[in-house]
Structures are given as structure tokens and as C-alpha cells.
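K.L.:
One structure is given below, represented as C-alpha cells, and several questions about it will come after.
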Amino acid sequence: MADEFTPKRAELQDARAYAELSSKFTQGIAEKAIDLFFPKAESLVIHDNGCGTGEVTRAILARSSVPSLTIKANDNDPLYVEAYAAAAKSNGWPAETFNMSADALDFEDNTFDISFANFVVFLIPDDGVPALREMHRTLKPGGTAIYTAWQLLPVFEPVQKATLATRGPNGPLLRTLPPIWQSGEFLAGLAAKAGFEKDNVRLETLSNKVPIKDIREFAENTWSRLGRPLTGWLQGDEESWDAAVDAFLEFCEASDSYERLENGEWLIEVRANVVFATK
């Protein structure tokens, strides 16, 4: 089997830089959710569910005044588990790390005061309900699950504009954000399927503005990740790379979600639906 073709410009993009940028989007929402809801207590046991590189943990530790915190973090990707463990060690976090999936937790029943799954549930089969059931099971009575999904993440539209400009109206399919997951009502409704009482479920919509220093670098990095069709890159994508990035930037210039600052930097507005469900 021949190696898959990849445009040279895509190979040059820094995966670590893209991951760091992505974490700005997700951590900003986590910070706002914690500002909105965080219990006062002498001690708390917190679950960072689908922890990635530790965005939720960072947000909690920067904001919490709880004297005694214990954090248990899990992810099904060993690379994220390794990255989180390294960050926990270097920063002295009160955290343990586990390689496990959100829908198959090894934790005991009634373990956590808070279980936070930040942009995780929509990645789990069956509408994420198996993961929410596990959150419900492992929460203490009176504990709260917090889970999120994007209502507005304006990176898919410019990618669609770029693919239309360079591949035409019948171009190959790309990764997208399914519209149903942008519905707060749908997201909140999943809690009842996982065992939470409807009266104990609260939905909030939170917005954040993410700073971008170099908008063209952002466009190239995003195109290199989201512009790849589900069936793989096309040979013509090499020659049309600049045209795709230019089309992406045209969208940014015209979109209300993108704001150019006087110093040449940009702000991107994102919104997330956040559900707080208490056991």
C-alpha cells in the first residue's frame, strides 16, 4: 500500500503549536465555567475527565481557594496521559493520571465531588451517554458533572470556503461539527438519559474571545488539520495551498466572529454550551 500523499506545506505545520492553540479555545471556556460554579469546601476530589494536556486542571488550580484538592485525570490517548503526567510533575499538581476512556472508568462509585468533561462527550459513541452514566456513577451524592460542547466554533466555515475555492462544489467530504451538538437543549437532555434528575440540570451558554497573534499562521495550521478530506489529501492541494489559505482569510475578514485589532493581532469569538448536572 502506497504512502498517503500529504502536501509539503501541511507537513511543515507544527502539531504542537496547533495543540497549544486549541487548548486556548478549550481552557478559556473551562475557566469561565469554573468562575460560574465552584463549591466552597475544605476539601474536594475532582475528576478531570478526558484531560488532554490539563486545561481543566490548570483552570481549577488557578482559581480554587479550596485548602485540600485531589485531582484524578484520565484520557484514552497515551500521549495525552504522558503530557499531563509530565505537567503535573513539573508544576506540583495534586493529581494522578490514568489511561482510560471516559465511557469505561475504573473509579469506584461515589468518588468525586466534581466531574468535568470539557469537550469530550461528543467524541463518545451513542451521543456520549455511556460517558455521562459513568460520570453519574462515580459522583458522590450531591456532586456535580460539568460537560461542554461548542455552540460556535468558527473554524469549520472558513475551511469549507477554502475547499469550495480550491476543490469546487463537489469536493470531498471534510470533518465537520454536527449541528445537533450545537444545540444546548440536546446537550442538556442527555443528562436525564444518564440518570440525572431533570430539576438538577442547568444549562449555560458561555462565550470567550481567543487572541491570535498571526492570523495567516492560524489559517495555515487550521487548514493543515481540518482541510484534509476524510479520504485523504488530493494531489492538487499542493498547488492550491496558498489559494486555500487566502480563501480562509477572506472569510475571517468578513466574519463577525473574527476581529482585527489595531496592533495586527486578532480575536476569535467562540461560544460553548455548558451543562451542570447534580447527582
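In terms of the UniProt record's numbering, the sequence shown opens at residue 1 and continues consecutively.
Glycine is no exception: its CB is placed at the ideal position from the N, C-alpha and C atoms.
Could you compute how far the alpha carbon of Thr148 sits from the alpha carbon of Leu123?
P.N.:
Those two C-alpha atoms are separated by around 11 Å.
K.L.:
On the CB-based measure, 16 or more other CB atoms within 10 Å of its CB, does Arg228 come out buried or exposed?
P.N.:
Buried.
K.L.:
Less than 6 Å between C-beta atoms, sequence neighbours within five positions excluded: which residues of the same chain meet that for Arg58?
P.N.:
Around Arg58: no qualifying Cβ.
K.L.:
Just verifying my parser: in three-state terms, what is the DSSP assignment at Thr6?
P.N.:
DSSP places Thr6 in coil when its eight states are reduced to three.
K.L.:
For Trp223 and Asp199, what's the separation of their Cα atoms in angstroms?
P.N.:
Distance between the alpha carbons of Trp223 and Asp199 is about 42 Å.
K.L.:
Take Leu261 and list the residues in its own chain whose beta-carbon comes closer than 7 Å to its own, dropping the five residues that flank it on each side.
P.N.:
Excluding positions up to five away in sequence, the list reads Leu267.
K.L.:
Per the DSSP calculation, Trp266 is bridged to which residue(s)?
P.N.:
According to DSSP, Trp266 bridges with Ile212, Arg260.
K.L.:
Around the C-beta of Thr97, are 16 or more other C-beta atoms found within 10 angstroms, so that it is buried, or is it exposed?
P.N.:
With 16 or more Cβ atoms within 10 Å of its Cβ, Thr97 is classed as buried.
K.L.:
Taking C-alpha atoms, which residue in Gly264, Ser255, Ala254, Glu220 lies nearest to Lys8?
P.N.:
Closest option to Lys8, Cα to Cα, is Glu220.
K.L.:
His136 to Ile146, Cα distance in whole Å?
P.N.:
Cα-Cα distance, rounded: 11 Å.
K.L.:
DSSP on Pro169, reduced to helix/strand/coil?
P.N.:
Reduced to three states, the DSSP call for Pro169 is coil.
K.L.:
With DSSP collapsed to three states, give me the class of residue 280.
P.N.:
The chain is shown only over 1 to 279; residue 280 falls outside these bounds and no answer can be derived.
K.L.:
Grouping DSSP H, G and I as helix and E and B as strand, with all else coil, what is Ser115?
P.N.:
Here Ser115 sits in strand by DSSP.
K.L.:
Would you kindly report the start and end of the unbroken alpha helix (DSSP H) that includes Pro141?
P.N.:
No alpha helix (DSSP H) contains Pro141, which is instead part of the beta strand (DSSP E) from 139 to 152.
K.L.:
Is the beta carbon of Val270 less than 8 Å from the beta carbon of Phe116?
P.N.:
No. Outside cutoff.
K.L.:
If you draw a straight line from the alpha carbon of Ser207 to that of Gln27, how long is it in whole angstroms?
P.N.:
Cα-Cα distance, rounded: 12 Å.
K.L.:
Could you give the first and the last residue of the continuous beta strand (DSSP E) run that contains Asp48?
P.N.:
43 to 49 is the span of the beta strand (DSSP E), which, as asked, contains Asp48.
K.L.:
In whole angstroms, what is the alpha-carbon distance linking Lys161 and Ser22?
P.N.:
Approximately 21 Å, taken between the alpha carbons.
K.L.:
Per DSSP, what kind of secondary structure is Ala272 in: helix, strand or coil?
P.N.:
Looking at Ala272 - three-state DSSP - the assignment turns out to be strand.
K.L.:
Would you mind working out which of Ala10, Lys279, Val210, Glu42 sits nearest residue 280, comparing C-alpha positions?
P.N.:
With the chain running from 1 to 279 in the structure shown, residue 280 is simply not present.
K.L.:
Measuring straight from C-alpha to C-alpha, what distance separates Glu11 and Phe37?
P.N.:
Spanning the two alpha carbons is a distance of roughly 41 Å.
K.L.:
Looking at Asn118: is its Cβ nearer than 8 Å to the Cβ of Ala194?
P.N.:
No; because the gap between Cβ atoms is not below 8 Å, this pair is not in contact.
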